[in-house]
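Take a look at the structure set out below.
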Amino acid sequence: MDNNEKRMVYTQFIDGALTAGSNRESWINYNPADNTPLGEVYQAKDEDIEAAVNSSEKAFHIWRNKTGAERGRVLLKTAEILRYRLEQIALLETQDVGKPISESLAVDVSSAADALEYFGGMAATIHGDYVDLKNAFGYTRPEPLGVCAGIGAWNYPIQIAAWKAAPALACGNAMIFKPSELTPATALELAKAFMEAGAPPGLFNVVQGDGRVGAMLTGHPRIAKISLTGSVPTGKKILAGAANQLKKVTLELGGKSPLIVFEDADIPNAVSAAMLANFYTQGEVCSNGTRVFVQQQILDAFLVQLKERTEKIRIGDPADPDTQMGALISKAHLEKVSRFIDSGKASGATLLTGGIRPEKDFKGRDITSGNFLTPAIFTNCDDSMEICREEIFGPVLSILSFDSEEEVIARANNTEFGLSAGVFTNDIKRGHRVIHQLQAGTCWINNYNITPIELPFGGYKQSGLGRENSLAAIQHYTQLKSVYVELGNVESPY
Ligand code: NAP
Numbered sequence: 133m134d135n136n137e138k139r140m141v142y143t144q145f146i147d148g149a150l151t152a153g154s155n156r157e158s159w160i161n162y163n164p165a166d167n168t169p170l171g172e173v174y175q176a177k178d179e180d181i182e183a184a185v186n187s188s189e190k191a192f193h194i195w196r197n198k199t200g201a202e203r204g205r206v207l208l209k210t211a212e213i214l215r216y217r218l219e220q221i222a223l224l225e226t227q228d229v230g231k232p233i234s235e236s237l238a239v240d241v242s243s244a245a246d247a248l249e250y251f252g253g254m255a256a257t258i259h260g261d262y263v264d265l266k267n268a269f270g271y272t273r274p275e276p277l278g279v280c281a282g283i284g285a286w287n288y289p290i291q292i293a294a295w296k297a298a299p300a301l302a303c304g305n306a307m308i309f310k311p312s313e314l315t316p317a318t319a320l321e322l323a324k325a326f327m328e329a330g331a332p333p334g335l336f337n338v339v340q341g342d343g344r345v346g347a348m349l350t351g352h353p354r355i356a357k358i359s360l361t362g363s364v365p366t367g368k369k370i371l372a373g374a375a376n377q378l379k380k381v382t383l384e385l386g387g388k389s390p391l392i393v394f395e396d397a398d399i400p401n402a403v404s405a406a407m408l409a410n411f412y413t414q415g416e417v418c419s420n421g422t423r424v425f426v427q428q429q430i431l432d433a434f435l436v437q438l439k440e441r442t443e444k445i446r447i448g449d450p451a452d453p454d455t456q457m458g459a460l461i462s463k464a465h466l467e468k469v470s471r472f473i474d475s476g477k478a479s480g481a482t483l484l485t486g487g488i489r490p491e492k493d494f495k496g497r498d499i500t501s502g503n504f505l506t507p508a509i510f511t512n513c514d515d516s517m518e519i520c521r522e523e524i525f526g527p528v529l530s531i532l533s534f535d536s537e538e539e540v541i542a543r544a545n546n547t548e549f550g551l552s553a554g555v556f557t558n559d560i561k562r563g564h565r566v567i568h569q570l571q572a573g574t575c576w577i578n579n580y581n582i583t584p585i586e587l588p589f590g591g592y593k594q595s596g597l598g599r600e601n602s603l604a605a606i607q608h609y610t611q612l613k614s615v616y617v618e619l620g621n622v623e624s625p626y
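Our numbering numbers the first residue of the sequence shown as 133 and each following residue consecutively.
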């Protein structure tokens, strides 16, 4: 690296402090907007993982003996710190991920704080049941699991870290978090905020590195649970790696979700949702509705509006508050998404608009050094095309037309994924009827990609195991102990 430039050093955060760790293996983290180096990331080694587990175990024994109200106060204070530092952390996220600053401010950091507030508020209410058994009674205790590991994807780094840490810590666990090797920055900010809020050192440790670090966490005998946000292939590896210890696993994985627009839908709203479902965060969103099924009668009107509005999306410098679409995470990912666009064209779909690398942004600035791609819409698609079957994880929307309700339900469900689904209709009965038949864990009627902390989030089929957010997350970070208490004599045949 050029020593004259001031760059970040992304290290481990263990036992309450940043530490270089034991490894000299490092790599450069690049800004997707122009591929300039942001800093140097240090890969954690075995010794660092051991140090993180030891420190987290220590913190766990302190933390589990606190009351729920005490734990909740630390989470609420952490949320307050994140909100106070909103602008600084949002800018870090934007530089790391390439997403528009307007999104990082409104969604990424804010939704991390939402999770801490939700689970912080709930911590004091987590309780078991009392069961009357005549001459005896029973009660249950939801007890923490121990040291849990979180492994994150690169598209929503601080949100993913907080969605895992908040319920884990509220339930009395400690967490070791590994961000994606491409986005090492903001998990460290979350770790600092926890410490400043009064969490014991080690309660939330961060280890940096690639899949090898994730595999070390998965195989570690003193880690009780793994929660992954990532792709289906990684989910399968983690499940296999966790199997011989029967370790608890939560998997938030990818998708190829359907968004179904019926002929009676409000077209401008449905177009807004289709754009949100495909172009937010440059299309790098797991729950995206990338297969947009439009009923034949309204197809032409829908496409006119969709094309016109998509071509007005302001692509450019992610740090500019007027930018609406930023840069893809890496050059390699840009090439992968571009290959899907080539595949769509080669398979006979019509590229209605987009799919090219722009030279200038919406203010006329040169953006050729960044990983930019104009939002692409394919029409004349067929369910069997690669672009309609595989997760692209970029700004590529495929339009599929349909005639009947029965037909579209069958086609929407014809996938190994089951993360999300959306339906647009003004017929209230049809909306519910169709949603109830779709094989997806996270669904919307007349909107798309809204993920309030109060609602469970997760997938059916190969899109995942378990749920994040809401009350449902509690059962994934606790284990239930049943206690039988005798009030009479022991009845024995002996
Ligand atoms: P990925 O390649 O599966 O990586 C996810 C995380 O797993 C990264 O931290 C990765 O490390 C780590 N990892 C890789 N191999 C591992 C192994 N053998 N054992 C343990 N950990 C391992 O996914 P990604 O490219 O970062 O993210 C995109 C994917 O995430 C998409 O499929 C998207 O749909 C999904 N996603 C799902 C949700 C959801 O909530 N359902 C949300 C966001 C994203 P390195 O990458 O650092 O090597």
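All C-beta atoms, glycine included, are put in the ideal place defined by N, C-alpha and C.
Bear in mind that the values here come from a model prediction, so they are computed numbers and not experimental data.
Straight-line Cα distance separating residue j from residue i
i, j, result
"L532", "D493", "30 Å"
"E202", "D474", "55 Å"
"T361", "W286", "9 Å"
"D559", "G496", "45 Å"
"N546", "S236", "34 Å"
"S363", "K593", "13 Å"
"L265", "Q427", "57 Å"
"E440", "E189", "56 Å"
"A302", "I355", "18 Å"
"T480", "I509", "The question names Thr, but residue 480 is Gly in the sequence shown. If you take the alpha carbons of G480 and I509, they lie about 13 Å apart."
"G590", "L551", "6 Å"
"G334", "M327", "9 Å"
"G351", "S624", "44 Å"
"G230", "G341", "20 Å"
"S501", "Q291", "28 Å"
"P316", "Y162", "11 Å"
"V403", "V424", "10 Å"
"L318", "R446", "Sequence inspection shows Thr at residue 318; the Leu mentioned does not correspond to that position. Their Cα atoms are separated by approximately 26 Å."
"D134", "H568", "Annotation note: pLDDT 45 at D134 (below 50); position unreliable, coordinate value reported separately. About 57 Å."
"I461", "L431", "33 Å"
"P527", "A464", "15 Å"
Check: residue i C-beta below 7 Å from any heavy atom of the ligand NAP
i, result
"T350", "yes"
"G415", "no"
"Y262", "no"
"W159", "no"
"D691", "No information on residue 691 is available, as it lies outside the stretch 133 to 626 that the chain covers here."
"S312", "yes"
"I181", "no"
"I525", "Checking the sequence, you will find Phe at residue 525 rather than Ile. F525: yes, Cβ under 7 Å from the ligand NAP."
"I473", "no"
"A285", "yes"
"T318", "no"
"K379", "no"
"I430", "no"
"E384", "yes"
"L551", "yes"
"K561", "no"
"T366", "yes"
"C513", "no"
"T361", "yes"
"G573", "no"
Anticipated Cβ contact below 8 Å, residue i with residue j, distance rounded
i, j, result
"G330", "F192", "That pair is no contact at about 16 Å."
"G200", "T257", "7 Å"
"G421", "Y580", "5 Å"
"E600", "E416", "Actually they do not touch by this definition, with Cβ atoms about 18 Å apart."
"K357", "C280", "4 Å"
"N503", "A459", "4 Å"
"L224", "E321", "7 Å"
"A184", "V339", "5 Å"
"Y616", "A238", "Not a contact, Cβ separation roughly 50 Å."
"P453", "S234", "6 Å"
"G252", "A211", "6 Å"
"A557", "G486", "The question names Ala, but residue 557 is Thr in the sequence shown. No, T557 and G486 are not in contact; Cβ-Cβ is about 27 Å, not under 8 Å."
"A553", "S389", "6 Å"
"K613", "R273", "4 Å"
Contact with chain B by residue i, beta-carbon distance below 8 Å
i, result
"K380", "Absence of chain B from the displayed structure is noted, only one protein chain being present."
Ranges of the beta strand (DSSP E) found wholly within the stretch 404-478, counting only runs of at least 3: If we require 3 residues or more, the beta strand (DSSP E) runs fully inside the stretch 404-478 come out as 423-427.
Segments of 4+ residues assigned as alpha helix (DSSP H) that fall wholly inside the stretch 195-227: Uninterrupted alpha helix (DSSP H) stretches at least 4 residues long and entirely within the stretch 195-227 occur at 200-216, given in chain order.
What residue ranges within the stretch 289-321 form continuous alpha helix (DSSP H) runs of no fewer than 4 residues, ordered along the chain? Listed in chain order, the complete alpha helix (DSSP H) runs (minimum 4 residues) inside the stretch 289-321 are 289-302.
If we require 4 or more residues per run, which alpha helix (DSSP H) segments fall completely within the stretch 310-395? Whole alpha helix (DSSP H) segments, 4+ residues: 318-328, 343-351 and 364-375.
Pick out the complete beta strand (DSSP E) segments inside the stretch 539-581, 3 residues or longer, and give them in chain order. Within the stretch 539-581, the complete beta strand (DSSP E) segments at least 3 residues long are 552-556 and 574-577, listed from N- to C-terminus.
Can you check the stretch 225-280 for any alpha helix (DSSP H) of at least 4 residues that lies completely inside it and give the ranges in chain order? For secondary structure counted as the alpha helix (DSSP H) over 4 or more consecutive residues, the stretch 225-280 holds these complete runs in sequence order: 241-254.
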